[in-house]
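Only one structure is covered here, and it is reproduced in the block below.
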Amino acid sequence: MRKIGALPNGQQAKRFEDYLLTTGVEIKVEQSDDQCSIWVFDEDQIEHAKRELQEFSTNPDAEKYQDATRQADAIRETKIKKAADTARKQVNVRETWNQPFTSRCPVTSLLIGVSVVVFLLMQSNEFNTEIRQELSIGSFQVSGNMIRYSPYLLDIRAGEVWRLVTPIFLHFSIMHILFNCMMCYQLGGAIEFNRGSARLALLVLLTAIPSNLAQFYWSGPSFGGLSGVVYGMFGYMWMKSQFDPQSSFNIPPNMVVILIGWFFLCMTGVMGPVANLAHAGGLGMGMLIGVGMTFLKQPGKSK
Numbered sequence: 351m352r353k354i355g356a357l358p359n360g361q362q363a364k365r366f367e368d369y370l371l372t373t374g375v376e377i378k379v380e381q382s383d384d385q386c387s388i389w390v391f392d393e394d395q396i397e398h399a400k401r402e403l404q405e406f407s408t409n410p411d412a413e414k415y416q417d418a419t420r421q422a423d424a425i426r427e428t429k430i431k432k433a434a435d436t437a438r439k440q441v442n443v444r445e446t447w448n449q450p451f452t453s454r455c456p457v458t459s460l461l462i463g464v465s466v467v468v469f470l471l472m473q474s475n476e477f478n479t480e481i482r483q484e485l486s487i488g489s490f491q492v493s494g495n496m497i498r499y500s501p502y503l504l505d506i507r508a509g510e511v512w513r514l515v516t517p518i519f520l521h522f523s524i525m526h527i528l529f530n531c532m533m534c535y536q537l538g539g540a541i542e543f544n545r546g547s548a549r550l551a552l553l554v555l556l557t558a559i560p561s562n563l564a565q566f567y568w569s570g571p572s573f574g575g576l577s578g579v580v581y582g583m584f585g586y587m588w589m590k591s592q593f594d595p596q597s598s599f600n601i602p603p604n605m606v607v608i609l610i611g612w613f614f615l616c617m618t619g620v621m622g623p624v625a626n627l628a629h630a631g632g633l634g635m636g637m638l639i640g641v642g643m644t645f646l647k648q649p650g651k652s653k
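Numbered per my numbering, the sequence shown spans residues 351 to 653.
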């Protein structure tokens with residue numbers, strides 16, 4: 351900050367301060383007994399401010415100075431509002447990260463926790479069949495190697511709408527649940543921390559339902575797992591990292607290679623029975639949401 355001169359009274363100093371603010375220059379006025387000293391904050395603006403002060407001193411009552419007050423007040427009001435909005439949005443990162451993961455990311459924790467509990471209960475012959483019947487997208491009967499079910503989703507039509515989502519909690523091997531929970535922890539935790547629990551919950555619903563429906567109409571009700579939702583999270587973050595640099599999401603290239611590679615490897619059948627349509631439905635829906643939300647918020651594009 352450097353002093354560039356002085357003005358004879360506070361009225362002129364205030365008028366000059368207002369005018370400079372409309373040109374993008376902020377100054378500080380220090381009033382003493384006989385004059386008001388003018389200080390400029392930005393060193394790069396000193397020469398410009400000096401020229402303006404010299405011109406102002408020759409004719410302080412010029413019309414352009416008289417009209418600057420209202421515009422300067424509007425600029426100050428905008429800055430105050432912006433500062434208040436920023437303060438409300440600030441997050442105490444240290445305090446947040448000192449909290450347990452379950453407090454920071456309750457929705458992610460719930461997805462993992464319910465999946466683990468369901469998996470453990472399914473290890474018991476007493477509960478396995480009952481849980482699969484209650485959480486599958488539709489009830490079914492097994493006869494030898496054949497599964498009989500209605501393609502019309504009669505249970506859901508009868509009011510059991512939770513079945514549109516609950517297949518995501520069914521896992522059939524230790525590797526199945528470990529992979530899905532690990533990816534849910536990484537991707538879901540990142541989304542929930544940056545976008546909040548409500549948005550993550552909505553993303554889960556918007557990816558789980560179409561991915562479950564796609565898999566049902568392809569292969570019937572005998573499927574499950576978080577992988578459709580995980581691929582939805584991945585697709586959402588991938589598109590946000592590509593098209594919205596301010597989103598703070600970053601998908602490393604090696605993760606893209608691994609998940610897309612795994613996606614196509616599963617489709618070959620080498621990995622055994624896999625809910626490939628659930629993967630595809632979740633991935634496509636997540637990518638669509640990521641791209642859509644990015645362009646919707648950009649003025650002049652979608653609105």
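The C-beta atom is built at its ideal place from N, Cα and C for all residues, glycine as well. Here the structure is a predicted model, which means the values were calculated and not measured.
Task: Collapsed DSSP secondary structure at VAL390 in the structure displayed - done: strand
- [ ] Please report how far the alpha carbon of THR446 lies from the alpha carbon of MET587, in whole angstroms.
- [x] Residue placement at THR446 is poorly supported in this model, since its pLDDT is 48, which falls under 50; the coordinates are not used for a value here.
Task: Span of the beta strand (DSSP E), counted from its first residue to its last, around ARG513 - done: Element bounds for ARG513: n/a, residue is neither H nor E.
Open item on the list: Here's the rule I'm using: 16 or more other beta-carbon atoms within 10 Å means buried, otherwise exposed. How should PHE384 be labelled?
Closed with: For the record, residue 384 in the displayed sequence is Asp; it is not Phe. For ASP384, the number of other beta carbons within 10 angstroms of its own is below 16, and it is reported as exposed.
Open item on the list: Less than 8 Å between C-beta atoms, sequence neighbours within five positions excluded: which residues of the same chain meet that for LEU555?
Closed with: VAL515
Task: Where the alpha helix (DSSP H) through MET587 begins and ends - done: 577-593 is the extent of the alpha helix (DSSP H) around MET587.
TODO: Go ahead and pull the three-state DSSP assignment for GLY355.
DONE: strand
TODO: Could you tell me the boundaries of the alpha helix (DSSP H) in which MET643 lies?
DONE: 626-646
Task: C-alpha distance - THR507 paired with TYR499, whole-angstrom precision - done: Per the sequence shown, residue 507 should be read as Arg rather than Thr. One C-alpha to the other measures close to 14 Å.
Task: Presumed contact (8 Å Cβ cut-off) between GLY582 and THR618, rounded CB distance - done: The pair is not a contact, with the Cβ atoms about 22 Å apart (cut-off 8 Å).
Task: Reference LEU485, options PRO456, TRP512, LEU470 and ASN359, closest by Cα - done: The closest CA to that of LEU485, considering only PRO456, TRP512, LEU470 and ASN359, is found on TRP512.
TODO: Would you be able to state if there are at least three C-beta pairs under 8 Å between the region 535-549 and the region 456-464?
DONE: Cβ pair count under 8 Å is three or more, so yes.
- [ ] Give me the Cα-Cα distance between LEU615 and THR428, rounded to the nearest whole angstrom.
- [x] 54 Å
Task: Contact belief for ASN562 with PRO517 at Cβ below 8 Å, rounded distance in angstroms - done: 5 Å
Open item on the list: Along the chain, where does the alpha helix (DSSP H) containing GLU484 start, and where does it finish?
Closed with: 475-485
- [ ] Report the partner residues of MET496 according to the DSSP bridge assignment.
- [x] SER493
TODO: Let me know the secondary structure DSSP gives GLU380 once reduced to three states.
DONE: strand
TODO: For GLY636, count neighbouring C-beta atoms within 10 Å of its own C-beta (all shown protein chains included) and say buried if the count is 16 or more, exposed if not.
DONE: buried
TODO: Out of LEU520, SER572, ASP594 and ASN600, state which residue places its alpha-carbon closest to the alpha-carbon of PRO623.
DONE: SER572
- [ ] State the Cα-Cα distance for the pair ARG426 and ALA628, rounded to the nearest angstrom.
- [x] 53 Å
- [ ] Would you kindly check if the distance between the Cβ of ALA625 and the Cβ of GLY578 is under 8 Å?
- [x] yes
Open item on the list: Using C-beta distances below 8 Å, list every residue in its chain close to ARG491, excluding the 5 sequence neighbours before and after it, in chain order.
Closed with: The sequence given here has Gln at residue 491, not Arg. Cβ neighbours of GLN491 beyond the five flanking positions: ILE497, ARG498 and TYR499.
Open item on the list: Can you find the residues in the same chain that come closer than 6 Å, C-beta to C-beta, to GLY680, ignoring five residues on each side of it along the sequence?
Closed with: What is shown of the chain runs 351 to 653, which leaves residue 680 out entirely.
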